[in-house]
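A.B. asks: This note's numbering puts the sequence shown at residues 213 to 505. Every residue, glycine too, gets a C-beta built ideally from N, C-alpha and C. Predicted model, so just to flag it, every value in this text is computed and none were measured.
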Amino acid sequence: MHINILKILKELEIHKLDTDSSIEWQDEKRKKQIRELIESLEELIKEGEVSSIDLKQCENLILFLRKVQEAYKGDKKANGWISQFPSVKTVYEIDSKIDTIVHNLHSKLKHLPSITIVISMYNSKQSVIDITRALLFDSIIKNVPSDVEIILIDDNSPLRKETDLIVRELMSKRNIVFIRNSLNLGFSGSYNIGLRRARGDIVFMANSDIRITPGSIESISEVMRYHPGCGIIGCIFSDTMGYKPQFSPYKLESLTQEEISKLDAFAQKFRKTHNGSRVVNWVIGSFLEFIEM
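#1: What do you reckon, are the CB atoms on ILE429 and PRO370 nearer than 8 Å?
#2: Report yes if the CB atom of VAL360 is closer than 8 Å to the CB atom of ILE329, and no otherwise.
#3: How would you label ASN272, buried or exposed, when you count the other beta carbons within 10 angstroms and need 16 or more for buried?
#4: Since ASN396 and ASP376 are thought to touch, with beta carbons under 8 Å apart, how far apart are those beta carbons, to the nearest angstrom?
#5: Excluding the 5 residues preceding and the 5 following LYS385 in the sequence, name in chain order all residues of the same chain whose CB lies nearer than 8 Å to its CB.
#6: In chain order, which beta strand (DSSP E) runs of at least 3 residues are fully inside the segment 361–443?
#7: Quick one: Cα of THR452 to Cα of SER431, how far?
#8: On the CB-based measure, 16 or more other CB atoms within 10 Å of its CB, does VAL379 come out buried or exposed?
#9: Could you check how far apart the C-beta atoms of SER326 and ILE365 are, in whole angstroms? I think they sit under 8 Å.
#10: In angstroms with no decimal places, state the Cα-to-Cα distance between ILE363 and ALA418.
#11: Skipping 5 residues on each side, what residues in its chain have a beta carbon closer than 6 Å to that of LEU253?
#12: Span of the beta strand (DSSP E) holding VAL330?
#13: Since SER351 is in the alpha helix (DSSP H), which residue starts that stretch and which ends it?
#14: Measure the C-alpha to C-alpha separation of GLU374 and PHE416 and round it to an integer number of angstroms.
#15: Would SER433 be called buried (16 or more neighbouring beta carbons within 10 Å of its own) or exposed?
#16: In terms of residues, what are the limits of the alpha helix (DSSP H) holding ASP342?
#17: So is ASN335 buried or exposed if we call it buried at 16+ other beta carbons inside 10 Å?
#18: Using CA atoms only, rank isn't needed, just tell me which of ILE331, GLU251, LEU249, LEU267 is closest to LEU407.
#19: Could you compute how far the alpha carbon of GLY427 sits from the alpha carbon of PHE390?
#20: Could you check the C-alpha separation between THR425 and GLY398 for me, to the nearest Å?
#21: According to DSSP, simplified to helix, strand and coil, what is GLU259?
#22: Quick check on SER358: does DSSP put it in helix, strand or coil?
#23: Measuring alpha carbon to alpha carbon, tell me which residue in GLU259, PHE276, LEU267 is nearest ILE187.
#24: Just tell me which of ARG411, SER400, ARG345 has its CA closest to the CA of MET383.
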């Protein structure tokens with residue numbers, strides 16, 4: 213399937229519309245290619261051969277190509293159907309936009325980078341276990357794509373039985389690699405073990421007391437893929453009470469599913485208004501991403 217779709221994509225890249233003509237649908241080759249591309253993309257998605265990172269772009273390409281098909285139907289000429297594409301001005305721009313999307317997808321399909329998340333935990337109190345289960349483990353099940361490798365390391369936690377209980381619960385719902393240190397190796401020692409075990413091209417290092425919000429793995433990975441010269445990426449840290457950390461002198465009594473769901477909703481809203489990036493000298497270590505060399 214990959215060979216078939218790459219062939220179609222390559223043909224689409226080198227085939228241009230005749231922008232000097234009346235722009236009626238006279239190009240049967242292009243019409244056939246777009247139809248075959250849509251069918252191939254749909255089959256690729258149906259068979260699960262598109263990684264979760266590229267699924268949205270494939271779906272967007274299908275929607276765009278269907279709009280182009282509608283625009284070309286009948287005897288419509290350029291002035292008659294350009295209005296269907298408010299973001300473009302000319303037929304050439306429409307064709308260029310298709311080629312840009314196709315080129316990006318073609319480049320991605322040649323090599324889909326794999327992703328690994330490495331997590332180390334040290335459970336010394338029941339409250340720590342409760343937070344890990346409610347925040348991190350719940351978000352792994354709900355918000356992390358199934359094709360992402362998860363390596364979970366227990367750094368010789370004192371509460372071994374309690375740790376085993378939540379790990380078994382997670383493993384019943386999600387494939388993970390679980391490693392237990394015979395000695396307490398600390399932060400760097402545990403993560404070095406995880407990094408040696410990781411198979412992903414892109415590796416995330418995460419603390420056990422964070423929540424991975426919807427789309428965060430995909431969006432951060434996209435930055436790394438489009439900026440291969442970048443070595444390490446950090447992320448925005450936020451909470452539902454404001455745009456900066458909030459410290460409370462009171463003990464956390466409970467963490468309900470309703471409260472947890474607010475974190476996901478807030479993160480999605482926050483990302484829309486804080487979606488920029490900048491070059492920095494250091495990043496916070498509780499959640500970061502880098503390319504494994």
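C.D. replies: From the atom records:
#1: Contact: no.
#2: In contact: VAL360 and ILE329 (Cβ atoms closer than 8 Å).
#3: So ASN272 counts as exposed.
#4: About 17 Å separates the two Cβ atoms, so there is no contact after all.
#5: Within the same chain, LYS385 has close Cβ partners ILE353.
#6: Segments of the beta strand (DSSP E) lying fully in the segment 361–443: 361–366, 389–392, 414–418.
#7: Annotation note: pLDDT 49 at THR452 (below 50); position unreliable, no value reported.
#8: Under this definition VAL379 is a buried residue.
#9: Incorrect: roughly 19 Å between the Cβ atoms, too far for contact.
#10: Between ILE363 and ALA418, the C-alpha separation is close to 10 Å.
#11: CYS270, ILE274, listed in sequence order.
#12: In the DSSP assignment, VAL330 falls within the beta strand (DSSP E) that extends over 327–333.
#13: Counting along the chain, the alpha helix (DSSP H) containing SER351 begins and ends at 350–355.
#14: Between GLU374 and PHE416, the alpha-carbon positions lie close to 26 Å from each other.
#15: Here SER433 is buried: its Cβ has 16 or more other Cβ atoms, across all protein chains shown, within 10 Å.
#16: Element bounds for ASP342: 338–343.
#17: Classification of ASN335: buried, given that the 10 Å Cβ count is 16 or more.
#18: The shortest C-alpha separation from LEU407 is found at ILE331.
#19: For GLY427 and PHE390, the distance between alpha carbons rounds to 24 Å.
#20: Looking at the two C-alpha atoms, the distance is approximately 26 Å.
#21: Reduced to three states, the DSSP call for GLU259 is coil.
#22: It is coil, neither helix nor strand.
#23: Missing from the structure shown is residue 187; the chain here goes from 213 to 505 and no further.
#24: The option with the nearest alpha carbon to MET383 is ARG345.
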